[in-house]
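Take a look at the structure below.
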Amino acid sequence: MLASRAFSLIGKRAISTSICVRAHGHGNQKPEWVSLLFPCTAGVVKAEDFSLPAYVDRRDVPLPEVAFVRDLSAQQKALKEKEKASWTALSVDEKVELYRIKFNESYAEMNKGTNEWKTVLGGVLFFLGITGLILIWQKHYMYGPIPHTFSDEWLSMQTKRMLDMRINPVEGISAQWDFEKNEWKK
Amino acid sequence: LARGVQHTAVRQAHRKHEPNFHDKYGNLVLLGGAAAFTAVWGYVLTQAGIEWGLSPVGRITPKEWRE
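Protein chains in written order, with my numbering: chain A, 1 to 186; chain B, 1 to 67.
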């Protein structure tokens, strides 16, 4: 379709009188329409791969611009010839081979999940563990002794004194203590 | 039936891709990391002598303080 549009642009005159080398049949160096629009391209640098239409495995591109396999083996070329005849003559394996020529990964293969999350999560937990090692080092080598007001004896006396003073009786510590039974509320 | 056979053949014809790092070591990294994490933080939280300042409620038994 694109080729016929290019034809009408240039006019039949340029095609029939062109003496320049055309890329037709020279194994996929450039698409045919390039040589129709730019007939005299002998002596130009070969088109780099990245400048040509590319194959891509993407969910939102169901039919990529080119087939996956660019250079067909002799066996594959024979199969492509057979494809031009009736498709009922093709075996299942041949149909699969034709598919694999056109496409790299199937949608199932493309969408397949991986086990990457295990490596990520395991790595995260490991480095968080290293953070804990830092805390251990700090406690051992850096911090001094904690104040004496954190000893069990002091905390016991401190707690009783707070309860005797009825500290925070509505929702706080005194509200959690049962003064009748002399124990913490359940 | 023919279509079912074809679908089966396509499924079976899937090339088994070479296992990557996550396939080979993912479980090991996950469990190893979890074990390291649990071990270190288990120690930090209980044995290292760090004062966490937890609430006395339900924990401390009040003791007479008046002399």
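We treat Cβ as the ideally placed atom computed from N, Cα and C, and that holds for glycine.
Helix, strand or coil at residue i [DSSP, three-state]
{"i": "A:ARG100", "result": "helix"}
{"i": "A:ALA49", "result": "First, the amino acid is wrong: residue 49 of chain A is Asp here, not Ala. Looking at A:ASP49 - three-state DSSP - the assignment turns out to be helix."}
{"i": "A:TRP177", "result": "strand"}
{"i": "A:VAL61", "result": "strand"}
{"i": "B:TRP52", "result": "coil"}
{"i": "A:TRP184", "result": "strand"}
{"i": "A:THR17", "result": "The predicted model places A:THR17 with a pLDDT of 45, which falls under 50 and marks its position as unreliable, so this point remains unresolved."}
{"i": "A:ASN115", "result": "coil"}
{"i": "A:PHE68", "result": "coil"}
{"i": "A:GLY172", "result": "coil"}
{"i": "A:VAL120", "result": "helix"}
{"i": "A:MET142", "result": "coil"}
{"i": "B:TRP65", "result": "coil"}
{"i": "A:HIS26", "result": "Here the model assigns A:HIS26 a pLDDT of 47, short of 50, so the residue's position is not dependable, and the following value carries that caveat. The answer is coil: DSSP assigns A:HIS26 none of H, G, I, E or B."}
{"i": "A:GLY129", "result": "helix"}
{"i": "A:LEU135", "result": "helix"}
{"i": "A:ALA108", "result": "helix"}
Contact list for residue i against chain A, beta-carbon separation under 7 Å
{"i": "B:GLU67", "result": "What B:GLU67 touches in chain A: nothing, since even the nearest Cβ is about 10 Å away."}
{"i": "B:TRP52", "result": "Ordered by position in chain A, no residue passes the 7 Å Cβ test against B:TRP52, which lies about 10 Å from the chain."}
Other residues of its chain near residue i: CB distance less than 8 Å, five sequence neighbours each side excluded
{"i": "A:ILE167", "result": "ILE173 and SER174"}
{"i": "A:ARG59", "result": "TYR107, MET110 and ASN111"}
{"i": "A:MET162", "result": "ILE173 and SER174"}
{"i": "A:GLU153", "result": "none"}
{"i": "B:VAL10", "result": "For B:VAL10, the pLDDT reaches just 46, beneath the cut-off of 50, and the residue's location in the model is therefore unreliable, leaving the point undetermined."}
First through last residue of the alpha helix (DSSP H) which encompasses residue i
{"i": "A:MET157", "result": "152-164"}
{"i": "A:GLN75", "result": "74-83"}
{"i": "B:PHE91", "result": "Here chain B comprises residues numbered 1 to 67, so residue 91 of chain B is not present and cannot be evaluated."}
Chain A residues whose Cβ lies nearer than 8 Å to that of residue i
{"i": "B:THR46", "result": "The premise fails here: B:THR46 is roughly 12 Å from chain A at the closest Cβ pair, so nothing lies under 8 Å."}
Partners in chain B for residue i, counting only beta-carbon separations shorter than 7 Å
{"i": "A:ASN115", "result": "HIS22, ASP23 and GLY26"}
{"i": "A:SER156", "result": "ILE60, THR61, PRO62 and LYS63"}
{"i": "A:GLY132", "result": "VAL40, TRP41 and VAL44"}
{"i": "A:ARG161", "result": "TRP65"}
Proximal residues to residue i (C-beta, below 7 Å), its chain only, five neighbours per side dropped
{"i": "A:TRP177", "result": "LEU163, TRP184 and LYS185"}
Contact test: residue i Cβ vs the ligand NAD heavy atom, cutoff 7 Å
{"i": "A:ASN168", "result": "Here there are no bound small molecules, and the ligand NAD is not part of this structure."}
Proximal residues to residue i (C-beta, below 6 Å), its chain only, five neighbours per side dropped
{"i": "A:HIS26", "result": "Caution is warranted here: a pLDDT of 47 is assigned to A:HIS26, below 50, making its placement in the model unreliable, and no coordinate value can be reported."}
Partners in chain B for residue i, counting only beta-carbon separations shorter than 8 Å
{"i": "A:ILE136", "result": "VAL40, TYR43, VAL44 and ALA48"}
{"i": "A:TRP184", "result": "VAL57 and GLY58"}
Proximal residues of chain B, C-beta to C-beta of residue i below 9 Å
{"i": "A:THR149", "result": "Simply none; closest approach about 10 Å."}
{"i": "A:LYS80", "result": "Chain B residues near A:LYS80: none, gap ~19 Å exceeds 9 Å."}
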